[in-house]
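Below is one structure, written out as structure tokens, with a few remarks after it.
Protein chains: 2
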Amino acid sequence: MPSDGSSNKRVMRWGILAPGGIAETFVGDLQLDPATRGVTDVAHRVVAVGSASGQKKADDFVKRMYTTKEQVEEAKAIRTYGSYDELVRDADVEIMYIASPQSHHYQQIKLCLNAGKHVLCEKPITINAEQIRKLSALSKAKNLFFMEARWTKFMDIFREIVKLVHEDKILGHVYRVHSDFGQELPEDHRLYFPELGGGGLLDCGIYPLTYLTALLWDHPDNQRARPRVTGSMRISPKFKVDEDSTGVLQFDKINATGILTVNMRVDLHRPAFHTIIQGDKGDILVHGTHTSRPTAYSIVLKGQKPVTKEPHIPGHGFFWEADECARCIVAGKLESPVVSHEESIFAMEIMDEIRKQGGLQFPEQIERAD
Amino acid sequence: MPSDGSSNKRVMRWGILAPGGIAETFVGDLQLDPATRGVTDVAHRVVAVGSASGQKKADDFVKRMYTTKEQVEEAKAIRTYGSYDELVRDADVEIMYIASPQSHHYQQIKLCLNAGKHVLCEKPITINAEQIRKLSALSKAKNLFFMEARWTKFMDIFREIVKLVHEDKILGHVYRVHSDFGQELPEDHRLYFPELGGGGLLDCGIYPLTYLTALLWDHPDNQRARPRVTGSMRISPKFKVDEDSTGVLQFDKINATGILTVNMRVDLHRPAFHTIIQGDKGDILVHGTHTSRPTAYSIVLKGQKPVTKEPHIPGHGFFWEADECARCIVAGKLESPVVSHEESIFAMEIMDEIRKQGGLQFPEQIERAD
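This is the structure in structure tokens:
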């Protein structure tokens, strides 16, 4: 954890809502010295943690995450709460990190924004597009920063790939992008529960969709023109959520097709490349066991020897999105251009359409936007 | 070419209709000695060749294909015709091999069957399901053998893969099969012409569909139960055929998904595996630059070192389907159980559905079945 004494460093004060597994990864990344990733303008500090399952769970989280002598000292200043209502009233918290399942995002983001907190919320941002549209309007009305935690987009490797395709145009005309997220999940995993907004599409599909969105929807020649969308789902008769989903996005304006596939029963392609970007000059294959966390990519140009690049990632990689939040807030921005409200709304609209065609409806209490 | 003198060998007498590129490959395979593939019961001889573009084209074909001293001698017995009407009247021809574009199959198969010839016809067998249903009925009425030249299904490597999945069950429960056929085709290729039944789906898509059909529709637990089908197409505004198509087949009875993708603008995945079969115990990856001609496969079981098998293929691989035709005819069968009429009809029904959803209609003169 960097010292707060640095005169030029703006230290963002975070509140953690729902201290589970994903919050552990996030806070672990916040604890890394920003200098290890070449960042000197911002830093991060957790000042409060709240659990809906009682204060002890929040205390345990802090104990678990702050273990070195220096961390234990730092943790003494962290306030813990047994309810979110108390957490959001903590005046010292600037920005809330929401790490709950998607079923709870809509209500919790509203709670945070209404309490005057900036918000970074885990993906998928909501259950449907209506919810995110309302939240976007609320954040603007409240003059608060609000972003979906689509961390992959902030990774150097992801930005490199997009630059190679859009600016350097090394693949020529990109005709097809296929991005897949397959993972074998045990049957007690939260994604098997419809009341938590489970199923493969929303939770895992957001990453393949992130590739298609960045590469095709946001293609300089496409200018965010909307694709035609076709969706197919295989819904588990036992669990009532999608075990397998496919979305095909036809970008007629740029003569390109995006395919997203997701599966909760089988792991990623072995050997694992999860995304293939195909142009008339060659392909880029993106590697990694999780589509959310690309670790390397291969450039395979026609008639040339493949080149594989594996950039160093100094941690899990959540810190980049945290840095972005801090910088946007310092600059008075209400949203990031990297994961804009428009992009989050677009993604949820695509998800809505695939679910509509696939026949997946979540329980009314998590679909509503009131 | 094997000697016809062998007493136990039944030599099938072929007529070649439309002597173009694909017929060259087929006849090249017929010329190989069956002993090189361990076959001793049947052999093949071309006895007639007919071209609709004039007898000279048929003559040129024979000249081109029969070049060694022995072959030149053999070719003297081959009759050539400048029309298909004459060709099918050749009393010595037992079975016609139809190598024309799919737009012409329906009328030509009818011509051959009505002339009393058995038929092996290139894939896709027709333009739509109505046409193949009528042809199946006609072949039965005429008591003639009739088969779609879906040669891939007769290859040892293909049969090995199906056996590993269905009988040996080495992948456990198969949850997903994705088969892709991408090839970059020049803009003067016949597949850019709608009046020839062009586009990626019918011509290239039949191979990915062959994998899904063999592995899922014909899965012992599925018993040919019909899948739900979703189709998406990107139709070239310039050429009015599909450059990119996707079909998703949901086999709810066996909790499995089949995905077929096809693209006329980009080559297959580099490094090229075109088909991935994913089960809860691992994957099989099928390799080859063309989905039609698998050359190797890798078995990637969880926690085990991948094993790659590359069976020897003693030629291009068309001879196995020719052997099957010969054996069926000798046995008095009207269809082969490997590529049954039911399977060809099923495939065309899937194609019809994908085209309907994708919005691709061919000119009336090739869609009709009268």
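Quick mapping for you: the protein sequence lines, in order, are chains A and B.
Taking this note's numbering, the leading residue of the first sequence gets 1, the next gets one more, and so forth.
Taking this note's numbering, the leading residue of the second sequence gets 371, the next gets one more, and so forth.
Where a beta carbon is used, it is the ideal one built from N, C-alpha and C, also for glycine.
Is the Cβ of B:A595 closer than 9 Å to any Cβ of chain A? no
The region 630 to 643 of chain B in contact with the region 601 to 619 of chain B per 3-pair CB rule at 8 Å: yes
Under a Cβ-count criterion, where at least 16 other Cβ atoms within 10 Å of its own Cβ denotes burial, should A:P306 be classed as buried or exposed? exposed
Chain A partners of B:I646, CB-CB under 8 Å? Going along chain A in sequence order, the residues near B:I646 (Cβ under 8 Å) are H269.
Using a Cβ cut-off of 7 Å, pull out every chain B residue sitting near A:S232, in sequence order please. T600, V618, Q620, listed in chain order.
Around the C-beta of B:D411, are 16 or more other C-beta atoms found within 10 angstroms, so that it is buried, or is it exposed? exposed
Threshold first: 4 residues or longer. Then list the alpha helix (DSSP H) segments lying entirely within the region 535 to 609 of chain B, N to C. 570 to 574, 576 to 582, all fully within the region 535 to 609 of chain B.
At least three beta-carbon pairs within less than 8 Å, the region 296 to 303 of chain A to the region 173 to 186 of chain A: no
Any chain A beta carbon closer than 9 Å to B:V700: Interface flag for B:V700 against chain A is unset, since no Cβ pair is found closer than 9 Å.
Just the Cα atoms here: how many angstroms apart are B:L752 and A:I206? Residue 752 of chain B is absent from the model: chain B starts at 371 and stops at 740.
Between B:Y545 and chain A, is there a C-beta pair that is closer than 9 Å? yes
Taking all protein chains shown into account, do 16 or more other C-beta atoms lie within 10 angstroms of the C-beta of A:N8, making it buried, or fewer, making it exposed? Under a 10 Å Cβ-count criterion, A:N8 is classified as exposed, with fewer than 16 other Cβ atoms of the shown protein chains found around its own Cβ.
With C-beta atoms as the reference, is B:I495 less than 9 Å away from B:E518? yes
Which value, in whole angstroms, describes the spacing of the CA atoms of A:L212 and B:H589? 33 Å
Rounded straight-line distance, which links the Cα of B:I468 to that of A:L171: 39 Å
Could you tell me which residues DSSP puts in a beta bridge with A:W14? A:V46, A:I95
Going along chain A in order, which residues have a C-beta closer than 7 Å to the C-beta of B:R635? Y175, D280
Quick one: list the residues of chain D neighbouring B:I629, beta-carbon separation under 7 Å, in chain order. Absent here is chain D; the protein component of the structure consists of chains A and B.
Comparing C-alpha positions only, which one of A:R13, A:A296, A:F193, A:G258 sits nearest to A:V27? A:R13
Along the chain, which unbroken stretches of the beta strand (DSSP E) at least 3 residues long are found entirely within the region 227 to 306 of chain A? 228 to 235, 242 to 251, 256 to 263, 273 to 279, 282 to 287, 296 to 301
Can you find a CB in chain A that lies within less than 9 Å of the CB of B:N324? One cannot answer for residue 324 of chain B here, as it falls past the ends of chain B, which runs 371 to 740.
Bridge partners for A:V119 per DSSP, in chain order? A:M96, A:F146
Considering only DSSP beta bridges, list what B:R529 is partnered with. Answer is none; B:R529 lacks a bridge partner.
In chain B, which residues lie with their C-beta within 7 Å of the C-beta of A:E310? Listed along the chain, the chain B residues whose CB falls inside 7 Å of the CB of A:E310 amount to none; the nearest CB is some 17 Å away.
Taking the alpha-carbon of A:L138 as reference, which of A:D280, A:A347, A:E122, A:K117 has the nearest alpha-carbon? A:K117
Counting only Cβ pairs nearer than 9 Å, list the residues of chain A close to B:D653. V266, D267, H269, R270
Cα-Cα, which of B:E492, B:A445, B:E443, B:L483 is closest to B:D455? B:L483
Outcome for A:K153 when other beta-carbon atoms lying within 10 angstroms are tallied against a minimum of 16: buried
How about A:L17 and A:V88: are their beta carbons less than 9 Å apart? Less than 9 Å divides the Cβ of A:L17 from the Cβ of A:V88.
Host alpha helix (DSSP H) of B:T395 (start-end): 391 to 400
The region 184 to 195 of chain A: which residues have C-beta closer than 9 Å to a C-beta of chain B, in chain order? E184
Listed by chain order, chain B residues near A:V286 by CB distance under 8 Å: Simply none; closest approach about 13 Å.
is_contact[B:E723, chain A] using C-beta, thresh 9 Å: no
Counting only C-beta atoms, is B:H548 closer than 9 Å to chain A at any point? yes
State the beta-bridge partners of B:Y451 as determined by DSSP. According to DSSP, which records beta bridges pairwise, B:Y451 is partnered with B:G420.
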